[in-house]
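Contents: one structure, followed by commentary.
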Amino acid sequence: MAKHHLPPLPSDADLRRLIHFSAGDGRIWLAGQRMVLIHAAALGALRKELMESVGPQQTRRYFTRAGFAAGERDAALARQIRGKSSLYDMFAVGPQLHMLEGAVQVTPLRFESDVQTGHFQGEFRWDHSWEAEVHKRDFGVQEVPVCWMLIGYASGYTSAFMGRPILYKETSCVGCGDGHCHIVGRPQEEWPDAEELASYFKPESLLSTIQDLQTQVESLRQEITPVDNKSALIGQSEAFKAAYELLRTAAPTQVTVLLAGETGVGKERFARALHALSSRADKPFVAINCAAIPHDLIESELFGAEKGAYTGSQANRAGRFERADGGTLFLDEIGELPLQAQAKLLRVIQEGEVERLGSTQSRKVDVRLVAATNQDMEQAVREGRFRADLYYRINVYPVLIPPLRERHDDIEPLAQSMLERFALLHNKPRPMLTDHAFDAMRNYAWPGNVRELENLVERAVILSKPNQAVDARDLFPGMTPPLGASVNPQGELVHRRASTMDCQSLLDQIQNCGEGLDGLERALLQEAVSRTKGNLSAAARLLGLTRAQLSYRLGSKPGREDPQP
Ligand SMILES: [Zn+2]
């Protein structure tokens, strides 16, 4: 049939009769299929949510596939209802149901079809597409057509009708600012961009994409770590040297090492250093943070999984044990490992073999284990959160990494090397730090340890201006001043002294008490003595005096009450 000479669509009365509202039991039927009357705005909200979380590409795929599934189902009705009509009228079931379902108004422009030879050419005009309407409302006028679910429907319907893949494309779309949408349908292989087009109709697991990316990130990270390693283990403090010596001694052996220490002390760096010092240095170093992976995924991450072993496992996957074969596996925050995974880990350590989830085949692995924790593991064992037998296997060679506040001498060299690293990373000149800045860093308690220092230095590098040294206030903006030091309004580091502000309030107090400077001094001395419960040496230290000076002042001030000795 040629273009523009298509007969009008047949009456849709036969289709309307198929729709039953069975409100009493909460169901709507289209022939034998359950339907749902849903707000276009609700689908719009879902679309918006998806666009923002997984992006347009993936959202388009989801909607296209959902539409395809609907079209396929409606195609089953065509022969059932109009089996005796002309091919054109039979085919028209799809466009007419699409209209009844409220998706879009369809006007056929071209219809050539031969079920025997599989020939198909179709062109339709679409008006009032719900999809173009909501998409344009939420995202504005688009460069590419947006009637994804509708295109999915047309493709699903026609493919099922013809018994071969027929795909549609929009050649104009209201979503792009056109007056109406226009679609063209052809057998898949006749499209020059068939492969790209077909990709929207195929399932693709976002989860496995993410997992693949994770693996890539990991191997990339491994590639850049040698540079990192040099700057990683910097230290000259006694506490550092003691820990490093333990590590160096363990490196050439196969002993399982347990790295303990507070959060942020750099356990992974120590683990990498151990690996680099060992005979496994040219084999993989694989790290996994047991606290960062959901409990239901940790086993497949560690031991691998066969396709279909759990929801979302779409392909056979090697676990970290297999990937670390011949090298070192670093299990960070091992105290967070769920009990079930602990039991499996114990078996792997004992037998030197892993079994992927969903598989009965054992694979030999040769892996050196390094574990790390910031927990009190003995307490975890007592509380039943960690298996005692696994703990004894792991706690063969514990190394305690000291917190940064016990490594005062390391702060400056660490900061210097971080400055260099971050300057390189952020493509900035390496900034200078003022002495005040270093002074403030030495006086700070570093509750977040090396990681906190790293964050601070990185921030300073990013904020640094050319030819301008980084000062204490750049490092500690909005923070409580480091112990024993503060930053004055000029940005200079001052050791705690009465500032201008304090003097003003002191002056006010002298005026208020009416006893002049002597009265204030007396009150201060008494407060110091009472706060130290009569310990004169301690009271003197508090006031910055010697004990003799304090005794003298206490003795020489008439009219005071005798302090407790
Ligand atoms: Zn459109």
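Per this note's numbering, residue 1 is the first one in the sequence shown, and the count goes up by one each step.
Beta carbons are placed, not taken as given, at the ideal position from N, Cα and C, and that holds for glycine.
Asked                                                                                                                              : Found
Bridge partners - HIS119, DSSP secondary structure assignment                                                                      : ASP114
Cut-off 7 angstroms between Cβ atoms - residues of its own chain near TYR391, not counting five sequence neighbours on either side : MET377, VAL381
Residues that DSSP places opposite SER234 in a beta bridge                                                                         : The residue you asked about is not Ser; residue 234 is Ile in the sequence shown. According to DSSP, which records beta bridges pairwise, ILE234 is partnered with nothing at all.
heavy atom of ligand 1 below 6 angstroms from ALA132 C-beta                                                                        : yes
Euclidean distance between Cα positions of ALA276 and LEU337                                                                       : 26 angstroms
CB-CB length for GLU333 against ALA388, believed under 8 angstroms                                                                 : Contact flag wrong, Cβ pair sits at about 19 angstroms.
DSSP bridge partner residues for HIS20 (one or two, in chain order)                                                                : TRP29
Bridge partners - GLN105, DSSP secondary structure assignment                                                                      : ASP127
VAL175: CB within 6 angstroms of a non-hydrogen atom of ligand 1                                                                   : Note on identity: in this sequence residue 175 is Gly, with Val being the wrong assignment. True, at least one ligand heavy atom lies under 6 angstroms from that Cβ.
ILE151 in three-state terms, based on DSSP                                                                                         : helix
Under the three-state DSSP convention, the category TYR391 falls into                                                              : helix
Supposed close pair ALA315, SER172 - CB separation, criterion 8 angstroms                                                          : ALA315 to SER172, Cβ: 39 angstroms. No contact.
Residue of VAL461, MET441, ILE462 minimising C-alpha distance to PHE476                                                            : MET441
Cβ-heavy atom distance, GLU406 to ligand 2, below 6 angstroms                                                                      : As far as ligands go, the structure on display features ligand 1 and does not contain ligand 2.
Length-filtered (4 minimum) alpha helix (DSSP H) runs lying within the stretch 307 to 373                                          : 320 to 323, 339 to 351
Other residues of its chain near GLN105: CB distance less than 8 angstroms, five sequence neighbours each side excluded            : MET99, TRP126, ASP127, HIS128
Spatially closest choice to TYR200 from GLU521, THR360, PHE68, HIS408, by CA coordinates                                           : PHE68
Which of helix, strand or coil DSSP assigns to LYS202                                                                              : coil
Cβ-heavy atom distance, VAL129 to ligand 1, below 6 angstroms                                                                      : According to the sequence displayed, residue 129 carries Ser and not Val. Answer for SER129: yes, Cβ within range of ligand 1.
Rounded Cβ spacing between GLU143 and CYS181 (contact assumed at less than 8 angstroms)                                            : With a Cβ gap of about 15 angstroms, GLU143 and CYS181 do not count as contacting.
Reference THR117; option with closest CA among ARG164, PRO95, LYS307, ALA75                                                        : ARG164
Start and end residues, beta strand (DSSP E) containing ARG186                                                                     : 181 to 187
Contact set for ALA460: own chain, Cβ-Cβ below 6 angstroms, skip 5 residues either direction                                       : VAL470, ASP474, LEU475
Within 7 angstroms, strictly: CB atoms of LEU6 and ILE19                                                                           : no
Where the beta strand (DSSP E) containing THR171 begins and where it ends                                                          : 166 to 172
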